[in-house]
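*Asks:*
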Amino acid sequence: MRKTKTKRGVMQPATPQEPVDVSTQASPACDQAKLRAALSAYMNISGQLRAKRNEMYEADRRGALKDRQAIAMLVEVAKLKRSSDKLRLSVCEQLRLFIEEIHGHLAASPDEVAGTERSKFSAELADKCVELLHCVTITAMKEEIFEAKRLLRNLHLHNGRSSVFVLVRSRCRVRPRSW
4 MRKTKTKRGV MQPATPQEPV DVSTQASPAC DQAKLRAALS AYMNISGQLR AKRNEMYEAD
64 RRGALKDRQA IAMLVEVAKL KRSSDKLRLS VCEQLRLFIE EIHGHLAASP DEVAGTERSK
124 FSAELADKCV ELLHCVTITA MKEEIFEAKR LLRNLHLHNG RSSVFVLVRS RCRVRPRSW
């Protein structure tokens, strides 16, 4: 039961609503244009993230990172990573909706669905969408594993610490005045 807040801040039950039969409710249809746009944006952001990480790690490996530059690159990578994760979750959700929609159309009897509408959905399309969903998910997991391995490699290069970590750590640490 939903509750509403009154002027005094006391919670009171909201007016009862009619029960909704979930089994007869259709899931919201997936907007294919929105899915395509989100997928291409995700691929674009992921490419930018990979390029920025490569640039940062190459500079770190060469020891060419300066203090402010390292911090700026870390912030930029974190922003790209967050955007990439948000878009990936959005794309995966939209793909799931689209797959459900396809399966719903395939399961419907010919009387319920017009012939032209039914012809644009096929089992092959559903399989391709499932394959795409798995690729997006598995690629994200592989990138995280690759990222962790790369960080470990960099740690070995710098006596157990990445030079980016050393720069950021030394920048943020407060030293006693006696030094």
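In this note's numbering, the protein residues as written are 4 to 182. We put the CB at the ideal spot given by N, CA and C, even for glycine.
1. Have a look at S93, A62 and L98 and flag the residue whose alpha-carbon is nearest the alpha-carbon of L135.
2. Distance check for L90 and V133, CA to CA, integer angstroms please.
3. For D63, count the other beta carbons within 10 Å of its own beta carbon; 16 or more makes it buried, fewer makes it exposed. Which is it?
4. Does the distance from the C-beta atom of I105 to that of A129 stay below 7 angstroms?
5. With S93 and L52 assumed to form a contact (beta carbons below 8 angstroms), what rounded beta-carbon distance in angstroms separates them?
6. Leaving out five residues before and five after M59 in sequence, what residues of the same chain have Cβ atoms less than 6 angstroms from its Cβ?
7. Can you list, in chain order, the residues of its chain with a C-beta nearer than 7 angstroms to that of T140? Leave out the 5 residues immediately preceding and following it.
8. Assign A41 to one of two classes, buried (16 or more other C-beta atoms within 10 Å of its C-beta) or exposed (fewer than that).
9. Run through DSSP, which three-state label would A41 get?
10. Work out the CA separation of L109 and E79 for me, nearest whole Å.
11. Under 7 angstroms, do K37 and L83 count as touching if we go by C-beta distance?
12. Output the distance between the C-alpha atoms of A143 and K152, rounded to the nearest integer angstrom.
13. Could you check what DSSP says for G66 in three-state terms: helix, strand or coil?
14. Could you compute how far the alpha carbon of E146 sits from the alpha carbon of L154?
15. Note down, in chain order, each residue of its chain lying with its Cβ closer than 7 angstroms to the Cβ of F124, except the 5 sequence neighbours on either side.
*Replies:* Once the coordinates are examined:
1. Residue mapping note: residue 135 aligns to position 132 of the sequence shown, counting from 1. Closest option to L135, Cα to Cα, is L98.
2. Translated into positions along the sequence shown, residue 133 becomes position 130. Translated into positions along the sequence shown, residue 90 becomes position 87. The straight-line gap from Cα to Cα measures roughly 17 angstroms.
3. Taking the first residue of the sequence shown as position 1, residue 63 is located at position 60. D63 sits buried, since 16 or more C-beta atoms from the chains shown fall within 10 Å of its C-beta.
4. The residue you call residue 105 lines up with position 102 of the sequence shown. The residue you call residue 129 lines up with position 126 of the sequence shown. It is a contact, given that the beta carbons lie within the stated cut-off.
5. Position 90 of the sequence shown, counting from 1, holds the residue named residue 93. Position 49 of the sequence shown, counting from 1, holds the residue named residue 52. Not confirmed; about 16 angstroms, so no contact.
6. Position 56 of the sequence shown holds residue 59. Short of 6 angstroms from the beta carbon of M59, and not among the five residues preceding or following it, lie these beta carbons of its own chain, in chain order: M76.
7. Position 137 of the sequence shown holds residue 140. Excluding its 5 nearest sequence neighbours in each direction, T140 has C-beta neighbours in its own chain below 7 angstroms: C95, listed in chain order.
8. Counting from one through the sequence shown, the residue named residue 41 turns up at place 38. Buried is the label assigned to A41, since at least 16 other Cβ atoms lie within 10 Å of its Cβ.
9. Here residue 41 refers to the residue found at position 38 of the sequence shown. It is helical.
10. Sequence index remark: in the sequence shown, residue 79 carries index 76 (1-based). Sequence index remark: in the sequence shown, residue 109 carries index 106 (1-based). Straight-line Cα distance between these residues: approximately 45 angstroms.
11. The residue labelled residue 37 in the question sits at position 34 within the sequence shown. The residue labelled residue 83 in the question sits at position 80 within the sequence shown. The beta carbons of K37 and L83 sit no closer together than 7 angstroms.
12. In the sequence shown, residue 143 corresponds to position 140, counting from 1. In the sequence shown, residue 152 corresponds to position 149, counting from 1. In this model, A143 and K152 are separated by some 14 angstroms (Cα to Cα).
13. Taking the first residue of the sequence shown as 1, we reach residue 66 at position 63. Shown here, G66 sits in coil according to DSSP, grouped into three states, outside any helix or strand.
14. By 1-based counting over the sequence shown, the position of residue 146 is 143. By 1-based counting over the sequence shown, the position of residue 154 is 151. Using only the alpha carbons, I get a separation of about 12 angstroms.
15. Within the sequence shown, residue 124 is the residue found at index 121, counting from 1. The residues are I105, H108 and L109.
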